[in-house]
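There are 2 protein chains.
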Amino acid sequence: MDATTDQRPLKRTRGRQKIEIKKVEKENSRYVTFSKRKNGIFKKATELSTLCGADVAVILFSEHGKVFSYGNPNVEKVLDQYLAETEEGDDNSCVLESGSNGGTLTQTLQEQDYEKSLRRLEEMKRTLKMVKKEQ
Amino acid sequence: MDATTDQRPLKRTRGRQKIEIKKVEKENSRYVTFSKRKNGIFKKATELSTLCGADVAVILFSEHGKVFSYGNPNVEKVLDQYLAETEEGDDNSCVLESGSNGGTLTQTLQEQDYEKSLRRLEEMKRTLKMVKKEQ
DNA sequence: CATCCTATGTTTAGCAT
DNA sequence: GATGCTAAACATAGGAT
Chain A
5 MDATTDQRPL
15 KRTRGRQKIE
25 IKKVEKENSR
35 YVTFSKRKNG
45 IFKKATELST
55 LCGADVAVIL
65 FSEHGKVFSY
75 GNPNVEKVLD
85 QYLAETEEGD
95 DNSCVLESGS
105 NGGTLTQTLQ
115 EQDYEKSLRR
125 LEEMKRTLKM
135 VKKEQ
Chain B
5 MDATTDQRPL
15 KRTRGRQKIE
25 IKKVEKENSR
35 YVTFSKRKNG
45 IFKKATELST
55 LCGADVAVIL
65 FSEHGKVFSY
75 GNPNVEKVLD
85 QYLAETEEGD
95 DNSCVLESGS
105 NGGTLTQTLQ
115 EQDYEKSLRR
125 LEEMKRTLKM
135 VKKEQ
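Here the protein sequences line up with chains A and B, keeping their order. Here this note's numbering is used: the first residue of the first sequence is 5, the next is one more, and so on. Here this note's numbering is used: the first residue of the second sequence is 5, the next is one more, and so on.
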């Protein structure tokens, strides 16, 4: 073989492979995936926060129970506000449970305005549909 | 120029444009961006959860204070566990504040094992570095 | 183990509807 | 103000280090 005239595209890697969204079997791969995607989500969270002036909190528990979290302005502030709103709306809160894999979308209806609540419900339904579809 | 013999690929759109990660000026664009990226993060959260058997909670407040959240198995369970751990670890908890935009990475060191705490600190530093770099 | 590499799968900015 | 479209930006699986 003459390396100088080699015509092969010479692909160094197989590139990103398509995967099914189900539990990664190989323990090591699962760990690596968790690590990479955790960073990915945190990055997305900071971007959303910066781009749209939104407050955000992300809390993760690895399968071994290790905690990881990110928040802007910080986790506690976001949680406090979330808890405050969910409490105050005792019979005004709305929780939708997705049956597929136990995933849950929660949205508190804290406004008194009925129309706002309606719009929020719609939004929630759309999001639920989206998330379920994507799985 | 002869339009009929035009050899251009005829691009219908400009495709995804590169943007700076800073507050989107146009109000409408900002809203659309929030909506799209919110869905993106929820999707990423469900994927991470499914792929790695991790528990996750994401809470978002739009700039107008509207709440959106996603959790697996559900937001409350994840928050409860998070709060339980952060409480118990009063002088064992560790919070790093990123000065740049007020973003905060929090990680509770609940294990008694010192080495685990050390490893965790490293992880936390790496994450912080990553997030700050990406902005 | 975290990180680097790179081909490819996935997300999304800017418009149009 | 949510959705569909398309091209380009971006994230990441698999493998190597």
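Each residue gets a CB set at the ideal place from its N, CA and C atoms; glycine is no exception.
Here DSSP, grouped into helix, strand and coil, assigns VAL79(B) to helix.
Between ARG34(A) and chain B, the shortest Cβ-Cβ separation is below 9 Å. Boundaries for VAL28(B): no alpha helix (DSSP H) harbours it, and the DSSP string shows neither H nor E there.
Look at the region 68-85 of chain A: the residues with a C-beta under 8 Å from a C-beta of chain B are LYS70, VAL71, PHE72, SER73, TYR74, GLY75, ASN76, PRO77, ASN78, VAL79, GLU80, VAL82, LEU83, GLN85. The C-beta distance from ALA58(A) to LEU64(B) rounds to 6 Å, short enough to meet the 8 Å contact threshold. DSSP places LEU64(A) inside the beta strand (DSSP E), whose first and last residues are 59-65. With respect to chain A, the C-beta atom of LYS26(B) has a partner C-beta closer than 9 Å. Proximity of chain B to ARG41(A) at the Cβ level (cut-off 8 Å) is accounted for by LYS48, GLU51, LEU52, LEU55, CYS56, in chain order. The residues SER66, in chain order, have a CB closer than 7 Å to that of PHE38(B) in the same chain once the five nearest residues on each side in sequence are set aside.
Using a Cβ-Cβ cut-off of 9 Å, LEU87(B) counts as an interface residue toward chain A, since at least one Cβ of chain A sits closer than that to its own.
For the pair SER73(B) and VAL82(B), the Cα-to-Cα distance works out to about 12 Å. Residues of chain A with a Cβ closer than 9 Å to the Cβ of GLY44(B) are, in chain order, LYS48, LEU52. LEU14(B) has a beta carbon lying at 9 Å or more from every beta carbon in chain A. From the listed residues THR90(A), VAL79(A), HIS68(A), the smallest Cα separation to VAL71(B) is found for THR90(A).
Take GLY75(B), set aside five residues on each side of it, and the residues of its chain with a beta-carbon closer than 6 Å to its own are ALA61, VAL82, in chain order. Counting other Cβ atoms within 10 Å of its Cβ, ARG20(A) stays below 16 and is therefore classed as exposed. With respect to the C-alpha of CYS56(B), the residue from LEU55(A), GLU80(A), ARG34(A) having the closest C-alpha is ARG34(A). When DSSP states are grouped into helix, strand and coil, ILE45(B) belongs to the helix group. Closest by C-alpha distance to VAL28(B), out of ASN78(A), SER53(A), GLN85(A), VAL79(A), is SER53(A). Rounded to whole angstroms, the separation of the alpha carbons of THR50(A) and GLY44(B) is 13 Å. Restricting attention to ARG41(B), ARG16(B), LYS48(B), PRO77(B), the CA atom closest to the CA of LYS40(A) is found in LYS48(B). Proximity to GLU31(A) across GLU80(A), HIS68(A), ASN78(A), TYR86(A) peaks at HIS68(A), based on C-alpha coordinates. If you draw a straight line from the Cα of VAL36(B) to the Cα of LYS42(B), it comes to about 10 Å.
Closest in alpha carbon position to LYS133(B), among ASP84(A), GLN85(A), PHE46(A), is PHE46(A).
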